[in-house]
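Line order of the protein sequences matches chains A and B. Under the numbering used here, the residue at position 32 of the first sequence is numbered 94, and the numbers go up by one with no gaps. Under the numbering used here, the residue at position 112 of the second sequence is numbered 585, and the numbers go up by one with no gaps.
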Amino acid sequence: MNLKVEVDVPKCVASGQCVMLAPEVFDQRDDDGMVILLDDTPPAELHDAVRESATVCPAAAIRLAES
Amino acid sequence: MDHAMTSATSSEFVLTRPATAPLDPPPVYSRLRDEEPITRVSIWEGRLSAWLVTHWEDARAVLGNPAFSSDTSRSGFPTFIEDSRPAPRGFFANYDPPVHTTMRRTLTREFMVKKIDALRPAITDITRELLDEMTGEKGPVDFVERFALPLPSLVICELLGVPYEDHDFFQSHSKVFVDLQSTGEQFTASWEALNSYLLQLLTAKRSKPGDDVLTRLGEHVDTGAVSERDAADLAAFLLFAGHETTANMIALGTITLLQHPDQIPYLLAGPAEAANAVEELLRYLAIVHGGLRRYALEDVRIGDVTIRAGEGVIVPLHVANRDPEAFADPDRLDLGRANARQHVTFGYGIHQCLGQPLARAELQIVLPELFRRLPDLRIDVPLEDITFKQSTTVYGVHELPVTW
Ligand code: HEM
Ligand code: SF4
Chain A
63 MNLKVEVDVP KCVASGQCVM LAPEVFDQRD DDGMVILLDD TPPAELHDAV
113 RESATVCPAA AIRLAES
Chain B
474 MDHAMTSATS SEFVLTRPAT APLDPPPVYS RLRDEEPITR VSIWEGRLSA
524 WLVTHWEDAR AVLGNPAFSS DTSRSGFPTF IEDSRPAPRG FFANYDPPVH
574 TTMRRTLTRE FMVKKIDALR PAITDITREL LDEMTGEKGP VDFVERFALP
624 LPSLVICELL GVPYEDHDFF QSHSKVFVDL QSTGEQFTAS WEALNSYLLQ
674 LLTAKRSKPG DDVLTRLGEH VDTGAVSERD AADLAAFLLF AGHETTANMI
724 ALGTITLLQH PDQIPYLLAG PAEAANAVEE LLRYLAIVHG GLRRYALEDV
774 RIGDVTIRAG EGVIVPLHVA NRDPEAFADP DRLDLGRANA RQHVTFGYGI
824 HQCLGQPLAR AELQIVLPEL FRRLPDLRID VPLEDITFKQ STTVYGVHEL
874 PVTW
């Protein structure tokens, strides 16, 4: 299964939740803490952590498409 | 506000947790959550009525929707106390965008996960020093005074660049902010005292800059992003939010673990387990338990109810965290719970706790360190003799005598 990740940076509120859950996939910009997507098609072993990130993101800024 | 007057049937919103189960939400709300998930309650001794939203999913729907305002200066906003005065802009939890966005953005980089991770060694050192000092004495000692309160206070002082010697001053004013017995006048007096104190420190940082938040707030003043007064209020807000919350969480988390000794080995099993244990303790305790307050700017449908423009909403996080539709067997503490992290203890939406990476780092370090160091830690009195903070918006204990 493929998982395609998109982030909506203007919606991000820099909670850091995704970075704590999946540091291989998400990071934060140094100047304001907004989300940076490191990997838009993460490997299967990270899918659970990425799904959990999308669930807990307080700004609903992480969108996933499974194919 | 006629439309917001209470109906005869709605009951008064209560905070008191049961004496027999002081770590659980008031049973009346668990019952309401199952029978009437969105219901009316009254506050201000019956002078205002508001919607109480008790389900996890509905709680997130309210807190994630910009149609629900956090602007406490609106007439009819269901504030904790009736005579509350407008909050300064620096207390941006009480503002909507664009003020909220401007204020929060001046601080977001300070709480980035990588910045907080860099603080972990310092947090570990502080934890060990406090434990050395405490155990250098013969117990019993008051765990709150000797450990739970100084720890986050020292950490936030380090982060902000505030001298810890002044802790009696800022801790006593911070207590006013969470005490529901405080009057609007006392609240204003406390934030003015903190504001002038921090204004002085900000000025001092101009000639003696440091690697701290106060120095960088001074830079935001120079670029015109915020006024000097705002910068001092932002620092005051962080100083208060940075210790009052985590301190109570350390004390209550410790009590909870001592009540569930069979689960302590899980906490000590490794960093991933400790992190999950902290999430479950956060879910279980939800110390910010006064209910987050919001005000509808337009009609919004939540669950089966239409909340009308102008009506107030109360979201009790501790009740939502015990929703059986979101968490299986919700009243059971299970440090290994797979979805513990989905709690709403830090809120949800644009106001979700800015300090959460710091609070998590502190708890992830402190709790394992404490139980590894003091395997025989125990409370020196029966639980019934401990006084819980029943009339504050942040739940906790006043004192906790311990031995080891
Ligand atoms: C266990 C500890 C903590 C808990 C349970 C907690 C809980 C919360 C909650 C529920 C909110 C949302 C308020 C709302 O939506 O109206 C919040 C906001 C906030 N918290 Fe925390 N907090 C904790 C620790 C901290 C720490 C350590 C700091 C900082 C040093 C902090 C700083 C803030 C700030 C600045 C806001 C306002 C965010 C905004 O309005 O955008 N908190 N916190
Ligand atoms: S979880 Fe959401 S709000 Fe938080 S940093 Fe990631 S994208 Fe931003």
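Think of the CB as a built atom: it goes at the ideal place given N, C-alpha and C, for glycine as much as any other residue. Owing to the predicted nature of the structure, the values given are computational and were not obtained by experimental measurement.
| Query | Result |
| --- | --- |
| Element boundaries [beta strand (DSSP E), containing D89(A)] | 88-90 |
| Cβ-heavy atom distance, C826(B) to the ligand HEM, below 7 Å | yes |
| Cross-chain neighbours of V118(A) in chain B, by beta carbon under 8 Å | R814, Q815 |
| Neighbouring residues (CB closer than 5 Å to any heavy atom of the ligand SF4) | C74(A), V75(A), S77(A), Q79(A), C80(A), V97(A), C119(A), A121(A), A123(A) |
| For E441(B), the three-state DSSP class (helix, strand or coil) | No statement about residue 441(B) is possible, as the shown extent of chain B runs from 474 to 877 and does not include it. |
| Sequence-distant residues of its chain with Cβ nearer than 6 Å to D703(B) (five each side left out) | R562, G563 |
| Extent of the continuous alpha helix (DSSP H) to which V535(B) belongs | 529-536 |
| Segments assigned alpha helix (DSSP H), at least 4 residues, entirely inside the region 824-862 of chain B | 829-846 |
| Helix, strand or coil at E485(B) [DSSP, three-state] | strand |
| Members of the region 855-872 of chain B that neighbour chain A once the beta carbon cut-off is set at 7 Å | none |
| Minimum C-alpha distance to A705(B) - residue among R689(B), L505(B), Q837(B) | R689(B) |
| Under 8 Å between C-beta atoms of L83(A) and S129(A) | no |
| Beta carbon of R513(B) nearer than 8 Å to that of W524(B) | yes |
| Residues near L108(A) in its chain [Cβ-Cβ closer than 7 Å; skip 5 each side] | A84, E86, V87 |
| Near-chain A residues of the region 520-544 of chain B - C-beta to any C-beta below 7 Å | G537 |
| Distance cut-off 7 Å: M722(B) Cβ against heavy atoms of the ligand HEM | yes |
| Closer than 8 Å to chain A by CB, V586(B) | yes |
| One or two residues paired with G878(B) in a DSSP bridge | In the structure as shown, chain B starts at 474 and stops at 877, and residue 878(B) therefore has no counterpart that could be examined. |
| Y768(B) vs R547(B) beta-carbon contact at 8 Å | yes |
| Min CB distance D94(A) to chain B below 8 Å | yes |
| Residues that E701(B) bridges to, as DSSP identifies them | Bridge partners of E701(B): none, in fact. |
| Residues bridged to V875(B) (per DSSP) | V614(B), I852(B) |
| The region 854-867 of chain B contacting the region 748-762 of chain B, beta-carbon criterion three pairs below 8 Å | yes |
| Inter-residue CB distance, T579(B) and L770(B) (contact presumed, cutoff 8 Å) | Contact doesn't hold; Cβ gap of about 25 Å is too wide. |
| Length of the line joining the Cα atoms of D807(B) and S700(B) | 46 Å |
| Members of the region 64-76 of chain A near chain B, C-beta cut-off 7 Å | V75, A76 |
| Of the residues L840(B), Y670(B), G549(B), the one placed nearest P738(B), counting alpha carbons only | L840(B) |
| Min CB distance I838(B) to chain A below 8 Å | no |
| CA-to-CA distance, G657(B) to D556(B), given in whole angstroms | 5 Å |
| Beta-bridge partners of F541(B), as assigned by DSSP | A769(B) |
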